[in-house]
């Protein structure tokens, strides 16, 4: 392991910010926030599933930004997801969240496309967590927390609860790696909207009728790597794997037309300042 200088410790948050660009689209979909980072703006590009449970991929861009509001408070935006930490307390985080949940309509699969369309809508909630940064020796970071959201407008339905954890560690003065994991519990109304097949939908699509109940919808894990290109420029890449479980995985929408294994991959670049 190369020697870790104090300068590397000071750039730890910056590296995490850049890594967030690589995995922001799926993390936002899972209702997650990234670690505390300095002020930055960036742009990521990635490939993700066309709809929840899909086997088809789509490519898109995601903007990202963060603004420091005080010594510990901050506001973040990652694509369709934003949050604000209102606590001015070291290591602890708590605050409101707002995200846009994409719908399902005009999709590539003709059978799924014959199902009733789902409009996008807004979800709101709160998050809380604790993070620890090792200040002695290698400046690794451990973060744990939980988020909870519920639908508030548009075609969004039901609620989600997501416990999560992440670990980051530098490999050198310019290369940093991270891993994370967690799971998502979804309410009955959300599960039925996304994975259920009503009698009318079954008659039109040819899929069997199916009722989806509340439960753990997915487990997920992600790795990421970031590289410092210049003092204020960082690049990152990552992958986000979701394994649908329970009633989500057993839905004929997934078993006959999709895939319970969901992948998102991407990369990004960020400019930072203090």
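Numbering (our numbering), first residue to last: 1 to 274.
The beta-carbon is built from N, C-alpha and C at its ideal position, and this holds for glycine as well.
State the beta-bridge partners of residue i as determined by DSSP.
i           : result
residue 77  : 65, 82
residue 267 : 45, 237
residue 94  : 128
residue 40  : 66, 272
residue 176 : 170, 226
residue 262 : 242
residue 123 : 99, 151
residue 60  : 46
Taking Cβ to Cβ, would you say residue i is nearer than 8 Å to residue j?
i           : j           : result
residue 64  : residue 95  : no
residue 209 : residue 227 : no
residue 49  : residue 262 : yes
residue 185 : residue 140 : no
residue 180 : residue 221 : yes
residue 189 : residue 148 : no
residue 293 : residue 271 : No statement about residue 293 is possible, as the shown extent of the chain runs from 1 to 274 and does not include it.
residue 62  : residue 205 : no
residue 146 : residue 128 : yes
residue 86  : residue 73  : yes
residue 132 : residue 91  : yes
residue 240 : residue 264 : yes
residue 203 : residue 53  : no
residue 118 : residue 193 : yes
residue 138 : residue 170 : yes
residue 246 : residue 225 : no
Helix, strand or coil for residue i per DSSP?
i           : result
residue 240 : strand
residue 118 : strand
residue 223 : strand
residue 3   : In this prediction, residue 3 scores a pLDDT of 36, lower than 50, which makes its location untrustworthy; no coordinate-derived value is stated.
residue 255 : helix
residue 182 : strand
residue 34  : Note on residue 34: pLDDT 38, under 50, position unreliable in the model; the coordinate value appears next. Correct three-state label for residue 34: coil.
residue 232 : coil
residue 218 : strand
residue 136 : coil
Thinking residue i and residue j are a contact (beta carbons under 8 Å), I'd like their distance in whole angstroms, please.
i           : j           : result
residue 120 : residue 98  : So it is not a contact: roughly 13 Å between Cβ atoms.
residue 238 : residue 266 : 7 Å
residue 101 : residue 76  : 18 Å between Cβ atoms; not a contact.
Just curious, the alpha helix (DSSP H) that residue i is in, first and last residue?
i           : result
residue 111 : 110–113
residue 195 : 188–195
residue 166 : Note, residue 166: premise wrong, no alpha helix (DSSP H); beta strand (DSSP E) at 159–170.
residue 107 : Looking at the DSSP string, residue 107 is not in any alpha helix (DSSP H), and its letter there is neither H nor E.
residue 250 : 246–250
residue 199 : 199–205
I need the boundaries of the beta strand (DSSP E) containing residue i, first residue and last residue.
i           : result
residue 148 : 141–151
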